[in-house]
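Engineer:
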Amino acid sequence: MTSLGPEDYQAIWLSVKIASVASLASLPFAIAMAFCLARFRFRGHMLLNVLVHLPLVLPPVVTGYVLLLLFGRQGPLGQMLEACCGIVLSFRWTGAALAAAIMAFPLMVRTIRVSFEQGDGRLEQAAASLGAPPWAIFFTITLPLAMSGIVSGLLIGFAKALGEFGATMTFVSNIPGQSRTIATSIYGYTQIPDGEAPALALAGISIAISVVALALSEMLMRRTQRHRKATP
Amino acid sequence: MPARISALLRLFILTLGLSLAGLLAPACAQPQPLMVYAAASLKNALDDVAKDWTASGHGAVVINYAASSTLAQQIAADAPADLFFSADLDWMDWLQARGKVREGQRRVLLGNELVLITTASSPLTLRLEKGVRLSEALAGGRLAIADPRLVPAGKYGKAALEHLGLWDQVSSALAPTEHVRAVLNFVAWGETPLGIVYRTDLRAEPKVRLLAPFPKGSHPPILYPAAVVTPSRHPEAVAFLTYLASTQAQIRFEQEGFIRMPDQDQKP
Amino acid sequence: MTFLALDVSYQRGDFHLEFLMQTDATALALFGPSGAGKTTLAHVLAGLLTPQRGSVMLNGIPLFDHQARINVPPQRRRIGYVFQDARLFPHLTIKNNLLYGRMWQPKGPSPIAFEDVVSLLDLAPLLDRYPPSLSGGERQRVAIGRALMSEPRLLLLDEPLSALDEARKDEIIAYLKRLRLAALVPMITITHRREEVLLLADEVVFVDRGRCTGAQSTASFAAG
Chain F
269 MTSLGPEDYQ AIWLSVKIAS VASLASLPFA IAMAFCLARF RFRGHMLLNV LVHLPLVLPP
329 VVTGYVLLLL FGRQGPLGQM LEACCGIVLS FRWTGAALAA AIMAFPLMVR TIRVSFEQGD
389 GRLEQAAASL GAPPWAIFFT ITLPLAMSGI VSGLLIGFAK ALGEFGATMT FVSNIPGQSR
449 TIATSIYGYT QIPDGEAPAL ALAGISIAIS VVALALSEML MRRTQRHRKA TP
Chain R
-9 MPARISALLR LFILTLGLSL AGLLAPACAQ PQPLMVYAAA SLKNALDDVA KDWTASGHGA
51 VVINYAASST LAQQIAADAP ADLFFSADLD WMDWLQARGK VREGQRRVLL GNELVLITTA
111 SSPLTLRLEK GVRLSEALAG GRLAIADPRL VPAGKYGKAA LEHLGLWDQV SSALAPTEHV
171 RAVLNFVAWG ETPLGIVYRT DLRAEPKVRL LAPFPKGSHP PILYPAAVVT PSRHPEAVAF
231 LTYLASTQAQ IRFEQEGFIR MPDQDQKP
Chain H
7 MTFLALDVSY QRGDFHLEFL MQTDATALAL FGPSGAGKTT LAHVLAGLLT PQRGSVMLNG
67 IPLFDHQARI NVPPQRRRIG YVFQDARLFP HLTIKNNLLY GRMWQPKGPS PIAFEDVVSL
127 LDLAPLLDRY PPSLSGGERQ RVAIGRALMS EPRLLLLDEP LSALDEARKD EIIAYLKRLR
187 LAALVPMITI THRREEVLLL ADEVVFVDRG RCTGAQSTAS FAAG
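Protein chains in written order, with our numbering: chain F, 269 to 500; chain R, -9 to 258; chain H, 7 to 230.
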């Protein structure tokens, strides 16, 4: 640990903050999208699916570039956000969080969608026959039963966000305290001679964070599943 | 085992076998192309030079463009490069210390200039000299620069700003990028009012314009050394290196904005 | 005014339902072989399937009328459907399963009290448990209780004994007898077994290949 300096510890804290915000903020959207794709058939279903997966298949630099055009200080959406809600993404950790959220989104949707596809709607039918309105059916029946997939999705989103690099660099560059994360720091260390020691140290910490996140998610899943042994 | 699965399994083993055979097979009868590892900022010019070379009856040239740091590290790990064309003397020295480049087989081929740029539509004017109010020009925005800790262009930029006494004004308002070309993006779209790039990068992006050149002497000379990589056995390696210093090639580089070097066989 | 009037046409793939029926019976059986369309009919009645044409009237209120473009969604039909596979919510306790329907009804006293349902079906020892730990018969009882607790106008029992093995059947039959005697709500039982008809219905309607092929009182059915 002696090969790490104060900027590195700052990068670690920033990474955890950005990854947490990115995955949590993405979650409701990922749940909605996963539900939509899993339970409904409509025209444009395939197109929507392709759009959702774009950040996964495009080079991260391209995604970062698009974010720059749209959400930068001079970009249409960036200006709108600043005007209505005072949110600035340009060269801030919030921009890094947005980049991470976009990159994590397709993975979260895929994971959560599987959970929704496991239910075949029969329990929802029963709930409807008992008088529950559609929104209530979603929140009291569908969502709780998909909880293990949702927790998995959150974990995957967090892990992906933690390792995000290309889109972040292109959108908000590598500013200490705002967007210099573990990933960009490791990259930096591999670009200077004899930077292996801090690079490996940071990589080790990154792994440790992921292990903690995994353990937490396992605990969470076990709690939500304690009474479920088999579907009746 | 069901018929379909065994058929798939056989196909898989066949594919695996062929790939392994491909990997292990000795070099084919065709002459190998010349592998050149070159700094990204050389791209357009070097592509033209290589085309000239091949058109005049020589073998094919394959160029791998990336950051000088990445390339140097790959070569140190025995990547199959025949020539290394760096944007930076430090990485060339680093390779030489590791025995990958020989003293007598390197030469400095090109120079470049460092410039301050702004968005093409900006009305800003500025002269880069001691005492200029750079932070005013930034007006709360940031200065895009290749990361000074990592990238040659950034190192030169920081040295120049320090020399002019301007570093303290801007050091907390930087937008450090992965490489020099990324600076162009930020300035082109108005995300940062100012940026530091090489003169040769200007032509790559019409949405930026030159604001002021950094005065000569404000930073160490920007030199592009090239060398034959020691383990290379390619018959045309030395000849291509010589060609890069020839008038014909140098004119190509000059057209892209590089500075011609007088013929040198030793590092300065 | 007839209690229940059905005149529907429903098609899906090869299966075609053309059903015409009117009844005043408060304990009815829809009787026919497997594949005759009984469950489809039940789904149409409950609003889980929409026919292409026709009308469904309960107590004079149209639940579905193609011409008038009326299609009351299942949550507002107040038809308590006891599914063949119970379909209890695995993440809720038995007590919360039972009370699930009550949450969506307007506040106020209910015609059917929780305690009465619990004692009718002997659910007290099960209240704090979760569905996966219950036996098939126990789940069936809870499903009946849950449907009753949703204040239905009509109870629909889909083959109440088919999902159970012999040992469990006797257990449930006793409760179904109690249910019938308590006569809390009108009941429609869907079945292909004689014994269920005799147990649970005053009148039988025959279903065959998607059509209504006749009706009879249970007494005559038993004799014939």
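Cβ atoms here follow ideal geometry from the backbone N, Cα and C, with glycine treated the same way.
These numbers come from a predicted model, not from an experiment.
Please list the partners that A57 (chain R) has in chain A, where partner means a Cβ-to-Cβ separation under 8 angstroms.
Structural biologist: Judged by its chain identifiers, the structure shown contains no chain A, and its protein chains are F, R and H.
Engineer: How big is the Cα-Cα spacing for T197 (chain H) and G38 (chain H)?
Structural biologist: Taking the straight line joining both Cα atoms gives about 7 angstroms.
Engineer: In chain F, which residues lie less than 8 angstroms from A52 (chain H) when you measure between Cβ atoms?
Structural biologist: The answer, in chain order, is S397.
Engineer: So, at 6 angstroms on beta carbons, what are the nonlocal neighbours of A92 (chain H) in its own chain, with the 5 sequence-adjacent residues on each side left out?
Structural biologist: Excluding positions up to five away in sequence, the list reads R145, Q146, A149.
Engineer: Cβ closer than 7 angstroms: which chain H residues qualify as neighbours of I409 (chain F)?
Structural biologist: The contacting residues are F95.
Engineer: Give the range of the beta strand (DSSP E) segment to which S223 (chain H) is assigned.
Structural biologist: Unbroken beta strand (DSSP E) run through S223 (chain H): 217 to 223.
Engineer: Pairs of beta-carbons, one from the region 46 to 66 of chain R and one from the region 113 to 121 of chain R, closer than 8 angstroms: are there three or more?
Structural biologist: The region 46 to 66 of chain R vs the region 113 to 121 of chain R: no contact.
Engineer: Compute the distance between the beta-carbons of A287 (chain F) and R448 (chain F), then report whether it is under 8 angstroms.
Structural biologist: No. Outside cutoff.
Engineer: Taking the alpha helix (DSSP H) that S271 (chain F) falls in, what are its first and last residues?
Structural biologist: That residue, S271 (chain F), is in no alpha helix (DSSP H); it is neither H nor E in DSSP.
Engineer: What are the start and end residues of the alpha helix (DSSP H) that includes Q64 (chain R)?
Structural biologist: Looking at the DSSP string, the run of the alpha helix (DSSP H) that includes Q64 (chain R) is 58 to 66.
Engineer: What are the boundary residues of the alpha helix (DSSP H) that includes L129 (chain H)?
Structural biologist: Element bounds for L129 (chain H): n/a, residue is neither H nor E.
Engineer: If you check the beta carbons only, do A134 (chain R) and V173 (chain R) fall under 8 angstroms apart?
Structural biologist: In this structure, V173 (chain R) lies closer than 8 angstroms to A134 (chain R) by Cβ.
Engineer: What three-state label does DSSP hand R378 (chain F) in the structure shown?
Structural biologist: Looking at R378 (chain F) - three-state DSSP - the assignment turns out to be helix.
Engineer: Give the interface partners of I85 (chain H) over in chain F, defined as CB-CB distance under 9 angstroms, in chain order.
Structural biologist: Per Cβ cutoff of 9 angstroms: S397.
Engineer: Starting from E209 (chain H), follow its DSSP beta bridges and name the residues at the other end.
Structural biologist: H:L34, H:S223, per the DSSP bridge assignment.
Engineer: For the beta strand (DSSP E) that contains Q95 (chain R), what are its first and last residues?
Structural biologist: That run of the beta strand (DSSP E) goes 91 to 102.
Engineer: Ignore the nearest five residues each way along the sequence and tell me which others in R341 (chain F)'s own chain have a CB closer than 7 angstroms to its CB.
Structural biologist: The answer, listed in chain order, is S358.
Engineer: Terminal residues of the continuous alpha helix (DSSP H) containing D83 (chain R)?
Structural biologist: 79 to 87 is the span of the alpha helix (DSSP H), which, as asked, contains D83 (chain R).
Engineer: Check whether the Cβ atoms of R186 (chain H) and A33 (chain H) lie closer than 8 angstroms to each other.
Structural biologist: Taking 8 angstroms as the Cβ cut-off, R186 (chain H) and A33 (chain H) qualify as a contacting pair.
Engineer: Which ranges would you report for the beta strand (DSSP E) in the region 188 to 240 of chain R if only whole runs of at least 3 residues count?
Structural biologist: For the region 188 to 240 of chain R, whole beta strand (DSSP E) runs of length 3 or above, ordered along the chain, are 198 to 203, 212 to 219.
Engineer: Closest by CA to P115 (chain H), which one among H:M155, H:T195, H:E172, H:R135?
Structural biologist: With distances taken between Cα atoms, P115 (chain H) lies closest to H:M155.
Engineer: Going by Cα to Cα distance, which pick from R:W84, R:D68, R:V177, R:M251 is closest to L106 (chain R)?
Structural biologist: Nearest of R:W84, R:D68, R:V177, R:M251 to L106 (chain R), Cα basis: R:V177.
Engineer: Can you pull out the residues from the region 377 to 397 of chain F whose beta carbon lies closer than 9 angstroms to at least one beta carbon of chain H?
Structural biologist: For the region 377 to 397 of chain F, which is checked against every Cβ of chain H, the residues closer than 9 angstroms are R390, L391, Q393, A394, A395, A396, S397.
Engineer: Any idea what DSSP makes of F89 (chain H), helix, strand or coil?
Structural biologist: F89 (chain H) falls in the coil class under three-state DSSP.
Engineer: F126 (chain H) and A207 (chain H) look like a contact to me (Cβ under 8 angstroms); what is the Cβ gap, rounded to whole Å?
Structural biologist: With the sequence shown as reference, residue 126 (chain H) is identified as Leu, and Phe is not the correct amino acid for it. No, L126 (chain H) and A207 (chain H) are not in contact; Cβ-Cβ is about 19 angstroms, not under 8 angstroms.
Engineer: How many angstroms separate the CA atom of L69 (chain H) from the CA atom of I76 (chain H)?
Structural biologist: Straight-line Cα distance between these residues: approximately 7 angstroms.
Engineer: Taking a contact to mean a Cβ-Cβ separation below 8 angstroms, would you say E202 (chain H) touches L167 (chain H) in this structure?
Structural biologist: Taking 8 angstroms as the Cβ cut-off, E202 (chain H) and L167 (chain H) qualify as a contacting pair.
Engineer: Residues in the same chain with beta-carbon distance under 6 angstroms from E275 (chain F), minus the five sequence neighbours each way, listed in chain order, please.
Structural biologist: Answer for E275 (chain F): P444, listed in chain order.
Engineer: Any Cβ of chain H within less than 8 angstroms of the Cβ of L468 (chain F)?
Structural biologist: No, L468 (chain F) does not count as interfacial toward chain H.
Engineer: Per the contact definition of three or more C-beta pairs closer than 8 angstroms, is the region 337 to 352 of chain F in contact with the region 410 to 420 of chain F?
Structural biologist: No contact exists between the region 410 to 420 of chain F and the region 337 to 352 of chain F.
Engineer: Beta carbon of S474 (chain F), beta carbon of I450 (chain F): below 8 angstroms?
Structural biologist: Yes.
Engineer: Residues in its own chain within less than 7 angstroms of V210 (chain H) by CB, not counting five upstream and five downstream?
Structural biologist: Once the five neighbours on either side are set aside, the close Cβ partners of V210 (chain H) are A35, F37, V203, A221, Q222, T224, F227.
Engineer: Could you tell me which chain F residues have their CB closer than 7 angstroms to the CB of E181 (chain R), listed as they occur along the chain?
Structural biologist: Per Cβ cutoff of 7 angstroms: L336, G340, R341, Q342, S358.
Engineer: For the region 163 to 171 of chain R and the region 134 to 151 of chain R, state whether three or more C-beta atom pairs, one from each stretch, are separated by less than 8 angstroms.
Structural biologist: The region 163 to 171 of chain R, when compared against the region 134 to 151 of chain R, does touch it at the 8 angstroms Cβ threshold.
Engineer: If contact is defined by three or more beta carbon pairs under 8 angstroms, each pair taking one atom from either stretch, is the region 365 to 378 of chain F in contact with the region 431 to 439 of chain F?
Structural biologist: Yes, since at least three Cβ pairs between the region 431 to 439 of chain F and the region 365 to 378 of chain F fall closer than 8 angstroms, the two stretches touch.
Engineer: Comparing alpha-carbon positions, which option in R:D42, R:P210, R:H48 lies nearest H153 (chain R)?
Structural biologist: Nearest of R:D42, R:P210, R:H48 to H153 (chain R), Cα basis: R:P210.
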